[in-house]
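Asker:
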Amino acid sequence: MNPPCRFTPRHTLHAVLLWLMCFSALPLHASAQSPAAPAEARTGAVPAAQPSFEQLVQQLPGGSLRDRTATINQLSNQRDERLADIFNALLAGELLADKDTPPTIAIRSGEQLTDALTGTALSDSTGLRRIPVNNNLRTQLRGQVAQLHLNHSDTDKRYAAVQRFIRDGVNADTAALLHAHQELEESDRVQGAITTALAVYRLQSADSGIRQAAINELSGSLEQEARNALRGIAANDADPELRAAAAEAIESIQGRIGFYRFVENLFFGLSLGSVLLLAAIGLAITFGVMGVINMAHGELIMIGAYTTWGVQVLFPNLIEWSLLIAIPAAFLITALVGIAIERGVIRFLYGRPLETLLATFGLSLVLQQAVRSLFSPLNRSVSSPEWISGTLTINPVLSITYTRLYILIFGLLVFFALMLVMKRTALGLKVRAVSQNRAMARAVGVRSSWVDALTFGLGSGIAGVAGVALSQLTNVGPNLGQAYIIDSFMVVVFGGVGNLWGTLVSAMSLGLINNFLEPYAGAMLAKVLVLIMLILFIQKKPKGLFPQKGRAAAD
Amino acid sequence: MKLKKMVKQAGALGVACSMALTALAAQADTIKVGVLHSLSGTMAISETTLKDTMLMLIEEQNKKGGLLGKKLEPVVVDPASNWPLFAERTRDLLEQHQVDAIFGCWTSVSRKAVLPVIEELNGILFYPVQYEGEESSRNVFYTGAAPNQQAIPAVDYLKDELEIERWVLAGTDYVYPRTTNRILEAYLKANGVADEDILINYTPFGHADWQNIVAEIKRFGSTGKKTAVVSTINGDANVPFYRELGNQGVSAEDIPVIAFSVGEEELSGIDTAPLVGHMAAWNYFMSEETPENAAFIKTWHDFIGDTERVTNDPMEAHYIGFNMWVKAVEAAGTTDSDKVIDALVGVEVPNLTGGVSKMLPNHHITKPVLIGEIQNDGQFLTVSSTDELVPGDAWSDYLEGSKNLEADWTAPINCGNYNTASKTCLGAQPE
Amino acid sequence: MLTQRLLLSDRGGMVVLGLVVLTAILVPILNLVVPTSSPFYVSNFTVALLGKFLCFALLALSVDLIWGYCGILSLGHGAFFSLGGYGMGMYLMRQIGDRGVYGHPELMDFMVVLNWESLPWYWQGFDMFWFSLLMILLVPGLLALVFGWLAFRSRVTGVYFAIITQALTYALMLAFFRNEMGFGGNNGLNDFKEILGFDLAAKTTRVGLFVASAIALVLGYLACRYIVTSRMGRVIVSIRDAESRTRFCGYQVESYKLWLFVFSSMLAAIAGALYVPQVGIINPGEFSPLNSIEMVVWVATGGRGTLFGAIVGAFSVNYAKTFFTTFSPETWLFILGALFVLVTLVLPKGIVGLLGHVRRKGDKS
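Chains as they are written, first to last, in full-length UniProt numbering: chain A, 1 to 555; chain B, 1 to 431; chain C, 1 to 365.
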């Protein structure tokens, strides 16, 4: 009777698509309660009493949020190819309307405006205002849109669509649809999710044998819904054997989750470590190699972060590239500031480390206030490019955020690049020579003042680069530097002054220790404990983890 | 002997300058209004705007001809986010500059620092920020929200409209989140929420590494029951928190976050894309479409010379507080503190959301409660608002120690913490 | 003999002390006796301000003693100052008794809010003034003893010492911010009522505290002066100038340093204890590493290595701070920052050094 929607074992992609359109036409959550609705949708006929698609779309901007919900429900009953675009735009807040009657409904993508109904380009944007949506609407819309995504080319979208099915409850219809899709699916992850979805469906079966089989199948699944379904069985099933089996399955799942949670913690620790590394590595040069206690180091990081913001303001169309542009820009700007600091202040203070502390602390106050006066005390909004957002989902309980992953990689890259500079270039050689024995280095023809300026510039530049990375994680404001300065010093001192490897090891271990303490002690106490450990450690080994050996160490 | 002379001169300078200050205070026939907001240090980020708001309000009032036939004169001092300095500057304002009212403070600790001084010198303080309650002073008027004007309605909305069953109460470790969360915990339990469905988490100020906590929230929310986060996270810690939420893929549809300290101004420093749909509870949103609000925004933009600047809830609180003070001074016909304090109770002025706020005998005001969802332009979309204005309650009914307490600064009670059970006024009272 | 050693050979010190004594006599008279309408009247505000400066001067003295004379740069002296302050704060809180907002006979208001059942053990005894006074000295002293013993024994010096003292005060700050610690969290201790039965809001009490601070400063100065002019003082200076050589001469360098460090920490604690009743609040913000660095700057500005220089520095920097944050808040940090840089670059001996330089020039011409 309803050819496009009947399920046949042998089907074509086309059939699935059509089926999907039908399915997507169901009002969300309504599939179970209202058997009449699908029939209506399947025929595709619009009763005369219902408003047309155009009218419904034009109804969208008016009325209250509740009215809007109703309109969207009605709209989803209509099969119209413009619907997906309109829903997507509404979801993204890019669907605009003006106050005319009937209103013009426009879809904005970037700078371009198109009429949502006619598809023609619009030139005039005056009077157009965003149609607001709230959480309930968004959930509803996302449900509609997600289900259209089961055939999307993007694995994540397909995965999300399956997840959405599980969350909304799998019924006979959905089960059939998923079963059909499973044979086409290429991604293991999506396959796994579909298997879970089907097993969750079978858990509802009246036959305890099927339930038993479903439990067995789910015992390997890490999906959250599988666990919840099993919990339901373990608590409520009539069959005591099944209850035991479900409980056992949960236990085995928990064991695996425990392992992945450990892996996750490890990553969190390393990620925190990489942030510490980035913040501290410039200091490892200025403090560790040159012996300057640069209290303005945090402010150099801040300047780097503001540079990122500046790049985004100057090139609003290049957000995707902004970080790549900001890295060299921040390096140059902070390096120049650093050189200016070195030439203007620090060069008069060599050999008096405690005085450099005071002078650079003064500079840090000046830089902070300068930023406050120039850019206002308010935080600046730095946006994240698309490619750095999102998560890398390894399995349902372990996903790694790209931002953190990139920062970890970036931190290591910076570290090794710096190593290379120090160990393999002429500048590095001179830097090491000057830091070991200034007089001797001068005697063999090294221009020590020039080397000092460049070294300080290098350390400062790296601080700026760290600022670019931090702008993706935290506030970009005048207080940014203050938040990192003490931690940076701890890292360098813990690792052993003058030893880059020490800085790496100490940053990573501090990150890990902090992260493994946090769940037990709470964020606040974890930090205190780490500090106390550090203080005691320095008492034990005053020169850090990897003390410098030989004459260079004597001061 | 030159040294002696110079040292002496340097010392004399100190005394001389403080005397000059005294002399400065005694001149001119104006009504002085003290503005006590941090312009430097960590709190400058929030408080500078309020200083500008006050200057704008005073300027507007002067355009209307001032007050009691005199011009208003703002006296701005900078307590530099330093709490002892707040007390010192208050003394400066009241003793040296002889101001008739002070508008200021943001954090609870700054208000606590100011309190003894303002009571000793019998000044008037208008405090514009939402706070934890549990306080009522004769000399302080609380124009921000008490917990029952923000936290409780927000939880009601989540509970009733979004059918939330599991709760994460996340806050920065200081008195406002502590008290608010204790009130909420008691309230939720009274509403039948089980212990294991409430997760309370505190973090230090400026906490930057949220990986663990967000992962924990995710796990907590993965049991199938609908979960929400009630956030009393303060200031700087919010940006990394929301970023981490976005990065770990926690969207507002899965686990909505409702915040009590994130307003338009905080959002202007955040990339709001990952925040869309998360919520905040306030008594005012810039997006409210009333003529009063439109006029207020226009005046603000003209005053500050930047149409990108936003308005927020504490600004509205100052707007209400200032207008109430003006009205009370006009009614009393004098700026004498005792008379103005008495005249203030019962004063009604329009707020910016279309209602009329009233000063109550407990020195709190009536306010509407709005729940808004963050939109991608950094504004809020109001999704719920109370039909009536909610009267502020100084002492929470959900806390063991304070449920019998009542504040009433009118005769015959005239007490900030009156125990309705024992019919006594507790603690030390100003005689 | 002692007078000669402590005062007469120290002209700058005599001048500064003389001024302190003079203010300690004049200010109370001008505040209490002179009518408010008189141009010579000193307002309560000025009394409070000067009282605060006196406490800061005592604190600067304690920093100068170890940094200027022994070369130990502590960036954590704020910790001892604050611990002393907290000790006094706890005493003052216990004096509130049942006059708190909840009317609880024993618990502080913030404990009632946290639903605590009884007073924590470490709050016991603070209702007695003598006990509190003892704790004000003992707790920071003990901390300094343990910390210094560990640090000096393993020869943690110079920069490393500075950084771990900074870590110490930072850790304490974070710990005190925790509400579970039972010190009122971020709000700290405030709303004090009376000290030794005297109402803190009364003019006379405030003047009394002011005079007490002045006396403490004078006594503190004389004690420091006694130490630095003693035989021990000479050893201390030689540790500063050549630590290894002093050690090779057979002196127990560690014991000298430790002793001095503990004494200095107690001095700082006394300053904190006098500071709190005058400003009316103590909160964990006082532990902030920033504050500790600022103390070092007072000393550097005044002139390190001369005791009266520390006093001059504390007064002048704080006076400038009060002045600029009142009249031009935006420029204050610029000025303070520039001051740091200038002092270290141009005035290694601080204001006192500059004055000395000017005087010597004057004598020559």
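Think of the CB as a built atom: it goes at the ideal place given N, C-alpha and C, for glycine as much as any other residue.
Just the Cα atoms here: how many angstroms apart are A:ASP207 and B:LEU399?
Answerer: Translated into the one-based positions of the first sequence, residue 207 of chain A becomes position 207. Translated into the one-based positions of the second sequence, residue 399 of chain B becomes position 399. Whole-angstrom Cα-Cα distance: 52 Å.
Asker: C:TYR160 touches chain A at which residues, Cβ-Cβ below 7 Å?
Answerer: For the purposes of this step, residue 160 of chain C is identified with residue 160 of the third sequence, where counting begins at 1. Those within 7 Å of C:TYR160 in chain A are VAL493, ILE538, PRO542.
Asker: Between B:ILE45, B:VAL35, B:LYS32, B:ILE304, which lies nearest to A:GLN369 when the distance is taken from Cα to Cα?
Answerer: For the purposes of this step, residue 369 of chain A is taken as residue 369 along the first sequence, with counting starting at 1. Measuring from the Cα of A:GLN369, the nearest candidate turns out to be B:ILE45.
Asker: Report buried or exposed for A:MET440, applying the criterion of at least 16 other Cβ atoms within 10 angstroms of its Cβ.
Answerer: Along the first sequence, read from residue 1 onward, the residue named residue 440 of chain A stands at position 440. Result: exposed.
Asker: Pull up the distance between the alpha-carbon of B:ALA26 and that of B:HIS97, whole angstroms please.
Answerer: To locate residue 26 of chain B, count along the second sequence from 1; it is residue 26. To locate residue 97 of chain B, count along the second sequence from 1; it is residue 97. Note that B:ALA26 scores 44 on pLDDT, short of 50, meaning its location in the model is unreliable; the coordinates nonetheless yield the value given after this. Their Cα atoms are separated by approximately 7 Å.
Asker: Please classify C:CYS249: is it buried, with 16 or more other beta-carbons within 10 angstroms of its beta-carbon, or exposed?
Answerer: Position 249 of the third sequence, counted from the start, is the residue given in the question as residue 249 of chain C. So C:CYS249 counts as exposed.
Asker: Taking only three categories from DSSP, how would you classify C:VAL21?
Answerer: By one-based count along the third sequence, residue 21 of chain C stands at place 21. Helix.
Asker: Going by beta-carbon coordinates alone, are B:MET324 and B:THR49 separated by less than 8 Å?
Answerer: Stepping through the second sequence from its first residue, residue 324 of chain B is reached at position 324. Stepping through the second sequence from its first residue, residue 49 of chain B is reached at position 49. Going by C-beta atoms, B:MET324 is not nearer than 8 Å to B:THR49.
Asker: Going by CA-CA distance only, name the one from A:ILE131, A:THR196, A:PHE456, A:ASN395 that's closest to A:ASP156.
Answerer: Here residue 156 of chain A corresponds to residue number 156 of the first sequence, with the count starting at 1. Per the Cα distances, A:ASN395.
Asker: Any idea if A:GLU386 is buried or exposed, counting beta-carbon neighbours within 10 angstroms, 16 or more meaning buried?
Answerer: Sequence index remark: in the first sequence, residue 386 of chain A carries index 386 (1-based). Burial call: exposed.
Asker: Between which two residues does the alpha helix (DSSP H) carrying C:VAL156 extend?
Answerer: The sequence position of residue 156 of chain C within the third sequence is 156, counting from 1. No alpha helix (DSSP H) holds C:VAL156; DSSP gives it neither H nor E.
Asker: Between C:LEU354, C:PRO140, C:ALA216, which has its C-alpha nearest C:PHE287's C-alpha?
Answerer: In the third sequence, counting from the first residue as 1, residue 287 of chain C sits at position 287. Selected option, being the one with the closest Cα: C:PRO140.
Asker: Does the segment 203-216 of chain C come into contact with the segment 265-278 of chain C, if we say contact requires no fewer than three beta-carbon pairs (one atom in each stretch) closer than 8 Å?
Answerer: yes
Asker: Short check: CB of B:ASP100 to CB of B:ILE31, under 8 Å?
Answerer: For the purposes of this step, residue 100 of chain B is taken as residue 100 along the second sequence, with counting starting at 1. For the purposes of this step, residue 31 of chain B is taken as residue 31 along the second sequence, with counting starting at 1. Against a cut-off of 8 Å, the Cβ pair of B:ILE31 and B:ASP100 comes out as a contact.
Asker: Note down the Cα distance separating C:ARG11 from C:GLY356, rounded to an integer number of angstroms.
Answerer: As a first step, residue 11 of chain C must be located in the third sequence, where it is residue number 11. As a first step, residue 356 of chain C must be located in the third sequence, where it is residue number 356. Straight-line Cα distance between these residues: approximately 11 Å.
Asker: B:GLY372 and B:LYS358 - do their beta-carbons sit closer together than 8 Å?
Answerer: In the second sequence, counting from the first residue as 1, residue 358 of chain B sits at position 358. In the second sequence, counting from the first residue as 1, residue 372 of chain B sits at position 372. Going by C-beta atoms, B:LYS358 is not nearer than 8 Å to B:GLY372.
Asker: Tell me whether A:LYS527 is buried or exposed, calling it buried when 16 or more other Cβ atoms sit within 10 Å of its Cβ.
Answerer: To locate residue 527 of chain A, count along the first sequence from 1; it is residue 527. Counting Cβ neighbours within 10 Å, A:LYS527 comes out buried, since at least 16 surround it.
Asker: Which residues in the same chain have their Cβ closer than 6 Å to the Cβ of B:PRO177, if we skip the five residues on either side of it in sequence?
Answerer: Here residue 177 of chain B refers to the residue found at position 177 of the second sequence. GLY171, THR232, listed in sequence order.
Asker: Would the segment 215-229 of chain A count as touching the segment 247-256 of chain A if we require 3 or more Cβ pairs under 8 Å?
Answerer: Judged by Cβ distances under 8 Å, the segment 215-229 of chain A makes contact with the segment 247-256 of chain A, as three or more pairs qualify.
Asker: Which runs of the alpha helix (DSSP H) at least 4 residues long sit entirely within the segment 387-429 of chain A? Give them in chain order.
Answerer: 402-424
Asker: Chain A partners of C:PHE334, CB-CB under 9 Å?
Answerer: Position 334 of the third sequence, counting from 1, holds the residue named residue 334 of chain C. LEU365, VAL366, GLN369, ALA370, SER373, listed in chain order.
Asker: How many whole angstroms separate the CB atoms of A:LEU203 and A:ILE233, which I take to be in contact at a CB cut-off of 8 Å?
Answerer: By one-based count along the first sequence, residue 203 of chain A stands at place 203. By one-based count along the first sequence, residue 233 of chain A stands at place 233. Correct: roughly 6 Å between the Cβ atoms.
Asker: Under 6 Å Cβ to Cβ from A:PHE537, same chain only, skipping five residues before and after it: list those, please.
Answerer: Walking along the first sequence from the start, residue 537 of chain A turns up at place 537. No residues qualify anywhere along the chain.
Asker: Check whether chain A comes within 8 Å of B:ASP29, counting only Cβ atoms and requiring the distance to be less than that.
Answerer: Reading the second sequence from its first residue, position 29 is the one you call residue 29 of chain B. It does not: the Cβ of B:ASP29 has no partner Cβ on chain A nearer than 8 Å.
Asker: Output, in sequence order along the chain, the residues in the segment 261-290 of chain C whose CB is closer than 7 Å to any CB in chain B.
Answerer: VAL279, GLY280, ILE281, ASN283, GLY285
Asker: With a threshold of 8 Å between beta carbons, is C:TYR170 in contact with chain A?
Answerer: Taking the first residue of the third sequence as position 1, residue 170 of chain C is located at position 170. Yes - at least one Cβ of chain A is within 8 Å of the one on C:TYR170.
Asker: Terminal residues of the continuous beta strand (DSSP E) containing A:SER76?
Answerer: Residue mapping note: residue 76 of chain A aligns to position 76 of the first sequence, counting from 1. From DSSP, A:SER76 is part of no beta strand (DSSP E) but of the alpha helix (DSSP H) over 65-76.
Asker: Identify the residues that DSSP records as bridge partners of B:HIS364: which are they?
Answerer: For the purposes of this step, residue 364 of chain B is taken as the residue at position 364 of the second sequence. Paired residue(s): B:TYR142.
Asker: Go through its chain and collect everything with a Cβ distance to C:LEU209's Cβ below 8 Å, but skip five positions before and after it.
Answerer: Indexing the third sequence from 1 puts residue 209 of chain C at position 209. The answer, listed in chain order, is GLY51, ILE195, LEU274, PRO277, GLN278.
Asker: For A:GLY382, go through chain B and note every residue whose CB falls closer than 7 Å to its CB, in chain order.
Answerer: Locating residue 382 of chain A in the first sequence gives position 382, counting from the first residue. Reading the sequence as shown, one finds Val at residue 382 of chain A and not Gly. Residues of chain B passing the Cβ test: ASP271.
Asker: Relative to the alpha-carbon of A:LEU65, which residue among B:SER396, B:ASN417, B:SER384 has its alpha-carbon at the smallest distance?
Answerer: Taking the first sequence and counting its residues from 1, the one referred to as residue 65 of chain A is at position 65. Considering only alpha carbons, the answer is B:SER384.
Asker: Quick one: which chain C residues come within Cβ less than 7 Å of A:ALA359?
Answerer: To locate residue 359 of chain A, count along the first sequence from 1; it is residue 359. What A:ALA359 touches in chain C: PHE340, VAL341, THR344, LEU345.
Asker: Whose C-alpha, out of C:THR331, C:PHE56, C:LEU54, C:ARG360, is nearest the C-alpha of A:TRP374?
Answerer: Locating residue 374 of chain A in the first sequence gives position 374, where the first residue counts as 1. The displayed chain sequence assigns Leu, not Trp, to residue 374 of chain A. Looking from the CA of A:LEU374, the closest CA among C:THR331, C:PHE56, C:LEU54, C:ARG360 belongs to C:THR331.
Asker: Locate the alpha helix (DSSP H) running through C:LEU216, then write down its first and last residues.
Answerer: Along the third sequence, one-based indexing puts residue 216 of chain C at 216. Reading off the sequence shown, one finds Ala at residue 216 of chain C, where the question assumed Leu. 203-229 is the extent of the alpha helix (DSSP H) around C:ALA216.
Asker: Given a cut-off of 8 Å on the beta-carbon distance, is the pair A:LEU272 and B:ASP236 in contact?
Answerer: In the first sequence, counting from the first residue as 1, residue 272 of chain A sits at position 272. In the second sequence, counting from the first residue as 1, residue 236 of chain B sits at position 236. No, they are not a contact pair.
Asker: I'd like to know whether the C-beta atoms of C:ILE236 and C:ALA60 end up nearer to each other than 8 Å.
Answerer: Within the third sequence, the letter at position 236 stands for residue 236 of chain C. Within the third sequence, the letter at position 60 stands for residue 60 of chain C. No, they are not a contact pair.
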